[in-house]
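Each remark here refers to the structure printed beneath this line.
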Amino acid sequence: CGRTDYAMSLQQMVVDLKLTDKVTFLHEVSFNELKVLYSKAYALVYPSIDEGFGIPPIEAMASNTPVIVSDIPVFHEVLTNGALYVNPDDEKSWQSAIENIEQLPDAISRFNNYVARYDFDNMKQMVGNWLAESK
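All residue numbers for the sequence shown refer to my numbering, where the first residue is -7 and numbers rise by one.
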């Protein structure tokens, strides 16, 4: 989380809600640190309402971390059935998805099966195909 006004407002909210022992804001995380963080995460919660592609959900899935994202078209296109979709404007739905993610074995199975689509070899092949088509 950077030093923008929005980031600073989130940090203040964490203090105001007395959640400093539960929420950590990280800066400049290395690739290896990021892999460890994803692998130890309960889930990636990604409430974006305007997204171009969405790298963090793919990174999380590559670490077998369940992914909860906004129910917006780009995520359906990129993640297909590999994520749990939530109405971005419904706080209760987000809360329920987070609280019940472990009780959704079908969703976790989908997450794990979907990860293979974005492993290194497949991504290399997709990029190679895209470059070949771009000639």
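The beta carbon of each residue, even a glycine, is placed where N, CA and C say it ideally should be.
Helix, strand or coil at residue i according to DSSP, with G and I counted as helix
| i | result |
| --- | --- |
| residue 60 | strand |
| residue 26 | helix |
| residue 34 | coil |
| residue 11 | coil |
| residue 78 | strand |
| residue 47 | helix |
| residue 21 | coil |
| residue 121 | helix |
Residue closest to residue i, alpha-carbon to alpha-carbon, out of the options
| i | options | result |
| --- | --- | --- |
| residue 14 | 5, 24, 21, 41 | 5 |
| residue 73 | 53, 91, -3, 25 | 53 |
| residue 82 | 120, 18, 41 | 41 |
| residue 86 | 47, 21, 39 | 39 |
| residue 19 | 10, -1, 8 | -1 |
C-beta contact flag for residue i and residue j at 8 angstroms
| i | j | result |
| --- | --- | --- |
| residue 198 | residue 57 | Because the chain is modelled from -7 through 127, residue 198 falls outside the range shown and cannot be assessed. |
| residue 49 | residue 71 | yes |
| residue 67 | residue 51 | no |
| residue 31 | residue 55 | yes |
| residue 17 | residue 3 | yes |
Cα-Cα separation between residue i and residue j, rounded to whole angstroms
| i | j | result |
| --- | --- | --- |
| residue 45 | residue 126 | 19 angstroms |
| residue 88 | residue 37 | 12 angstroms |
| residue 25 | residue 121 | 30 angstroms |
| residue 118 | residue 21 | 27 angstroms |
| residue 65 | residue 90 | 21 angstroms |
### Message
Would you call the region 53 to 64 in contact with the region 78 to 91, where contact means no fewer than 3 C-beta pairs closer than 8 angstroms?
### Response
yes
### Query
Can at least three beta-carbon pairs, one atom from the region 85 to 95 and one from the region 113 to 125, be found at a separation below 8 angstroms?
no
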